[in-house]
Amino acid sequence: MTGWNRRSFLAAAALVAVQAAAPSGAEVLRRLDPKEEPPPHCRMLMRLVADLVIPDTDTPGAGAVGVGDFVLVALAHGLEGTRRAPATDPSFAPYLRADGSLDHAGWLESRLGEDWLSLPPAQRHDRLAALDAAAFSGDPAAAPWRAIKALILTGYYTSEVGGSQELNYELVPGRFDPKVPVTPETRAYSSDWTAVDFG
Amino acid sequence: MDQSLNFDAIVVGSGITGGWAAKELTEAGLKVLLIERGRKIEHQLDYDTEMKAPWEMPFRGEGDADLYEREYAVQRLNRHFTEFTQGHFVNDAQNPYQTGPDTQFTWFRSYQLGGRSLTWGRQSYRWSDYDFGANKRDGHGTDWPIRYADLAPWYDKIEDFIGVSGAAEGLPQLPDGKFLPPFALNVVEQAARERIMAAWPERRLTIGRTANLTREKDGRGPCQSRSICARGCSYGAYFSTQSSTLPAAQATGNLTLITDAAVEKIDYDPKTRRVTGVRWIDSKTRTRRQATARLVFLNAGAFNSVHLLLNSATEAMPGGLANSSGVLGTHIMDHANTLSAAAIMPGFEQWTSFGNRPTGVVIPRYRNMETMDGTGHTRGFSFQGGALQSTWTAGKREGGIGADYKAKLRKPGPWRMVLVAFADCVPRASNRLTLDRTKVDANGIPQLRIDFAFGAEENAALAQAKADATEMLTKAGGHVMFGFDRPGAGGTAIHEMGGARMGSDPATSVLNKWSQAHDIANLFVTDGAQMSSSACQNPSLTYMALTARAAAHAVSLLKSGAI
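Protein chains in written order, with the working numbering: chain Z, 235 to 433; chain Y, 69 to 631.
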C-alpha cells in the first residue's frame, strides 16, 4: 500500500464522490493515478472486512455500498487519528511509516493472516471476530482495529443506504417533539447530529 | 483620496455587533461604511452545504483530517467545525497568531461577511447586577460604570428584534427577557429539572435561551429543528447578520458594504484628538485603500479590535490608540469551561424524541449570590448541557461484528445527560494581548500575541462545579460515568473578551460607560473587547445591547455637534 499515502485532496475527493454515486471498482480505478492505486487484493480485503462488520440483512451491508474503498481513502487522509503515531507496540514496527504513523491497511492484512482471503467465509469471520474481541478487551497489539472499525461505521452510516435506509434520515424535521414512544419499529436517526457527535 | 469614501460612520467588522452598529447608525440616518475583512456570503444564495447529506460530501461530513491537521489546526477543535461548515472558519495556516510559552489558547475565528454570527451557539442571556457588580464586590478588575438598569431597555430592544426563545423563570441572577415560546425539555431533562429542584430549590434547570425563532417573525421563518445552524440557514431562523441586521441596514439606503477588506490602521488626528477614518488592504487586488468618517465603531471581534488599536499606534499615542491608561490589551478573559459530569440516565428507555432541538438546557448560577458559598472562589459558574441518546457512533466504542451488531445500532441508544460548566473568569492584568513585532502576517502586520492562563479562582470554581454536577445528576437518577475539574485551553468557551475595558476612570480603563474611548470622543468599541468582567453566561446578547446603546449615544453626540 506504499505510495498511496499522500494523494491530493482533489484526487481523493473525486474518488469518494464517485463511490457515493456508483460504487463500482472500475469507475473508482479510472479516477486514480495508477501509482496511487491500492492493489486489488487490498481493496477486496477491506471490502470483505467491512461486510463482515455490517453485513447484508434486510438492508444492504457495508460491502455493497463501497465502504471498503472509503476506508482506504479515509486511512490515507488520517481520519480517526490514523495518521498520528500509534501507541508503541513492538508488533507494529514493520508497518510504521517514516512519519511514525501506522499503515493500518497493511497491518490489518498481516494481522488477519496472509491466507485470510483464501479461507472459507466462516473462518474469515472467526479470525476477524477474534481480532475485534482482542481490540475491545484492551489488547494493545490489536488496538489499531478500533480505528479501522470506526471508519467502517462512518463509511456505512454516512452512505445513503446506511444513513437513510438502515437508519432514518430527516434533514428538515420541521418540529421538535420531546416525547415519542419507542416501538419495535423505531430506528435511530443518522441526522441526529448531537447523537452523532456526542453519543 | 476618493471623496466617495467619506462617511458619517465607519463600522469595522460585520459580525454580531458590527451588524447591530450598522443597523442602528443607518436607521438614525447616518451614511455608514460597513467594512469586512472576509468574503461576501449572501443570505440564502451562498450557504453551499446547507442542504447536503453526508453522502454528498467528499469526506462524508467528517472532512479531510490531513488537511485539517495542516491548515485548520485550531479551528478543527471547534464543536461546530465540520466538513459542512469549514468554509465558515478561518484557515489557521493563513491567519497565524502567537501565544506565550505558558499559554494554550484556541482562538476560534470566522472571517467572512457575518463573522461569527453565522457560526455562534446562539445562547442569549441577560447579565444581572451580580455580574455588573462583581468587580466592585471582590476587588478584581475595575468596577463597571453601568448596572443592569442601564441595559435593561436595550436588552428589550435587542430581544424584540432578533427573536429569543426561552422560558421565564423569575431568577434575579438570570433576568427574564422578552421571549418567544420555548423549546421543550425532553423527558429526561424534565425529570431532572423536577428532581434537582426538589432537592435544591435554588438550582433551576431550564431550557436554553436561544436566538432561534419558534415562530415566524418579520419575514424570517421559524426554526426547522435541523440544528445545523453553522452551515447557514436560508429560513433565516437564527439570528445572524445576514438574516437580521444587514437587511435592516440595507433597507435604509444608507449602507455601503465593502468585503475582502482587512483594516490595518485607524487614522488619528492629534490636533483634533479625533479619529478620521480607516485604512485597509483589499485582499483581492492587494491594494491599500482608505475612507474617512466622523466616527468609527470597532466591531472586529474582541481580540481583533484590540489588535487594530495596538497596530494604530502613532507618535501621539505610541502605546496604541486610545491607550493613555496603558491597560489596552490587558485583562482579557474567557470562561473556564469543562465537562463537569456525564451520566447514564436509566428509566426512560420507552421514550425517544423527534427533531433536532437547536439548544440545550441551562442551570443558571446559584453560588456566591446572597451567601458567599463558593469554595475557594468568589464568583459564579453555570451549567449548559442536556440529555441525549446515542446513535451509530457509539458502536465505535463497542465490540461485536455482524448482523446482531448491526441490529443493535439500528436502535436509539441509552439516554445520557451531560453538564458542562462555564465559570466566571477573573480579570487579570497578566492575561493580555500584545503585538509580536518579530512575526508578521501576509500583509506585513505584526501578529497578535496572546498571553493567558486561568488561575486559582477558576480551578476552584470548576472543582466545585464537578462536585455539584455529580450530585445533581445522581439526584436526577443518573449513574455518573466521568467528569473533569480543569478548564480546557483558553478560548474553548469561544467567549474571549476584554482588552479595552470599560470603566469610570480614564487612568485605568479604555472606554467610558458609553463604550466610547476616554481618549478619543468619536471612537467606539462595542464588541467583546469592552468587557470589564466575564460573568458566567454567554455574552453576545450583552454585546448587542451595549452596541445599540452606544450607537444611540454616538448619534446624539453627532447631532448635537459634540463630535
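Positions of the beta carbon are idealized from the N, C-alpha and C atoms, including for glycine.
In this structure, the straight-line span from the alpha carbon of Y:H621 to that of Y:G207 is close to 29 Å. Annotated three-state conformation of Z:E343 is helix, per DSSP. Annotated as distal: Z:M280 and Z:L351, with beta-carbon spacing of 8 Å or more. Taking 8 Å as the cut-off, the beta carbon of Y:F552 is found closer than this to the beta carbon of Y:L407. According to the DSSP assignment, Y:A410 belongs to the beta strand (DSSP E) that extends over 404-412.
Less than 8 Å divides the Cβ of Y:T167 from the Cβ of Y:I518. CA-CA distance, Y:F127 to Z:T388, rounds to 10 Å.
Across the stretch 244-261 of chain Y, CB contacts with chain Z closer than 9 Å involve F251, A252, L253, N254, V255, E257, Q258, in sequence order along the chain.
Interface annotation for the stretch 402-422 of chain Z against chain Y: Y403, E404, L405, V406, P407, G408, R409, F410, D411, P412, K413, V414, P415, V416, T420, R421, A422, criterion Cβ-Cβ distance under 9 Å. Interface annotation for the stretch 280-308 of chain Z against chain Y: L286, V287, I288, P289, T291, criterion Cβ-Cβ distance under 7 Å. Following the DSSP letters along the chain, one finds Y:W483 inside the beta strand (DSSP E) bounded by residues 483-491. Annotation for Y:S450: the continuous beta strand (DSSP E) segment containing it runs 449-457.
Sequence-ordered contacts of the stretch 345-371 of chain Z with chain Y read H359, L362, A363, D366, A367, A369, F370, S371 [C-beta pairs closer than 9 Å].
By alpha-carbon distance to Y:A161, the top candidate from Y:M440, Y:S312, Y:Q515 is Y:Q515. Within the same chain, Cβ atoms closer than 7 Å to the Cβ of Y:H148 are found at T187, A298, the five residues on either side in sequence being excluded.
Taking Y:I230 as the centre and dropping the five residues before and after it, the same chain places the C-beta of A279, F307, S312 closer than 7 Å to its C-beta, in chain order. Taking all protein chains shown into account, Z:G315 has fewer than 16 neighbouring C-beta atoms within 10 Å of its C-beta and is therefore exposed. Straight-line spacing of the CA atoms in Y:G321 and Y:T439 works out to 53 Å. In the three-state reduction of the DSSP assignment, Y:S82 falls in the coil class. For Y:G470 and Z:V287, the gap between their C-alpha atoms comes out near 5 Å. In this structure the stretch 135-145 of chain Y does not lie against the stretch 487-495 of chain Y, because fewer than three pairs of beta carbons, one per stretch, are closer than 8 Å.
Here Y:K507 is exposed, its C-beta having fewer than 16 other C-beta atoms within 10 Å. Cβ proximity to chain Y below 7 Å picks out H311, G312, L313, R317 from the stretch 309-342 of chain Z. Y:F75 sits buried, since 16 or more C-beta atoms from the chains shown fall within 10 Å of its C-beta. No Cβ of chain Z is located within less than 8 Å of the beta carbon of Y:T278.
When secondary structure is reduced to three states using DSSP, Y:T420 falls in the strand class.
Taking C-beta atoms under 8 Å as the contact rule, Y:M401 and Y:N499 qualify, at a distance of about 7 Å.
Rounded to the nearest angstrom, the Cβ distance from Y:P555 to Y:A404 is 4 Å, consistent with a contact under 8 Å. The C-beta of Y:T309 has 16 or more other C-beta atoms within 10 Å across all chains shown, which makes the residue buried.
The Cβ atoms of Y:S393 and Y:T94 lie no closer than 8 Å to each other. For Z:H359, the enclosing alpha helix (DSSP H) has its first and last residue at 355-370.
For the C-beta of Z:A429, the chain Y residues within less than 8 Å are, from N- to C-terminus, L456, Q457, S458, T459, T461, P480, G481. Remark: C-beta atoms of Y:E262 and Y:A455 do not approach each other more closely than 8 Å. Using a Cβ-Cβ cut-off of 7 Å, Z:D426 is close to N424, T459 of chain Y, given in chain order. Per DSSP, Y:Y336 is one residue of the beta strand (DSSP E) stretching across 329-337. Buried is the label assigned to Y:S192, since at least 16 other Cβ atoms lie within 10 Å of its Cβ.
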